[in-house]
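Each step along the sequence shown adds one to the number in numbering that gives the first Met the number 0, with nothing skipped, and position 174 is 173.
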Amino acid sequence: MILRPKFKANMPIEAECISPDVLAEKKIEDLEVYHGNKRRKLSDLFEILDVKTKDVRIEGDVGNVKYIGAKMRSGKMIIDGNVGMHLGSEMEGGEIFVEGDAGDWIGAEMRGGLIRIKGNAGNLVGAAYRGSKVGMRQGMIIVEGDAGHEIGERMKRGIIAILGDVASFAGAHMKG
Numbered sequence: 000m001i002l003r004p005k006f007k008a009n010m011p012i013e014a015e016c017i018s019p020d021v022l023a024e025k026k027i028e029d030l031e032v033y034h035g036n037k038r039r040k041l042s043d044l045f046e047i048l049d050v051k052t053k054d055v056r057i058e059g060d061v062g063n064v065k066y067i068g069a070k071m072r073s074g075k076m077i078i079d080g081n082v083g084m085h086l087g088s089e090m091e092g093g094e095i096f097v098e099g100d101a102g103d104w105i106g107a108e109m110r111g112g113l114i115r116i117k118g119n120a121g122n123l124v125g126a127a128y129r130g131s132k133v134g135m136r137q138g139m140i141i142v143e144g145d146a147g148h149e150i151g152e153r154m155k156r157g158i159i160a161i162l163g164d165v166a167s168f169a170g171a172h173m174k175g
């Protein structure tokens, strides 16, 4: 499946439904996202092509789209551009490849799978959400560029590899 954004990056979009699991299990015309504070159909914001394939490819910049691949269990996603916050958060399996940069909270509280970022990543990669006691529990995150603050905060298991520079407090409160 190929998704192409139809929108200008002016308001945040929350799109937990963009994941191979959800797209395979539900009717695409029924899927909704939040655009700012309004519910919209996924098809209002993305051109959807080649729906017969299980893997998902996003062609274009989705730097303002949050929660892509959240709670993902299986499958493969390729993002040809930048991606927003919470990519692969609480992910259990599958693979996500990003050809650009990624926002904050990538792989937050991740439980399995692989996330690979060709560019830079923001803060709190593989970290615990505020109020949670445990961050990343399993899986692998590879960032080929630089990453921000508090990488792996409260991480228990898994692997985070940052090939560039990392800002302050990497591995704070790690338990594994």
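The beta-carbon is built from N, C-alpha and C at its ideal position, and this holds for glycine as well. As the structure is a prediction and not an experimental result, all values here were calculated from the model.
Taking C-beta atoms under 8 Å as the contact rule, residue 111 and residue 137 qualify, at a distance of about 5 Å. Its chain contains 97, 101, 142 as the residues whose beta carbon lies nearer than 6 Å to that of residue 116, once the 5 sequence neighbours on both sides are disregarded; these appear in chain order. Comparing alpha-carbon positions, the option among 6, 74, 158, 48 lying closest to residue 21 turns out to be 74.
Checking the DSSP bridge columns, you'll see residue 2 partnered with 47, 57. It is roughly 26 Å from the alpha-carbon of residue 85 to the alpha-carbon of residue 49. For residue 161, the CB contacts under 6 Å within the same chain, skipping 5 residues up- and downstream, are 142, 146 in chain order.
Exposed is the label assigned to residue 131, since fewer than 16 other Cβ atoms lie within 10 Å of its Cβ. Residue environment analysis places residue 157 among the buried positions, since at least 16 neighbouring C-beta atoms fall within 10 angstroms of its C-beta. Under the rule that a run must span 3 or more residues, the beta strand (DSSP E) segments found entirely inside the region 136-167 read 139-142, 158-161. Take the alpha-carbon of residue 83 and the one of residue 168: they are about 22 Å apart. Residue burial annotation: residue 35 is exposed, with fewer than 16 other C-beta atoms found within 10 angstroms of its C-beta.
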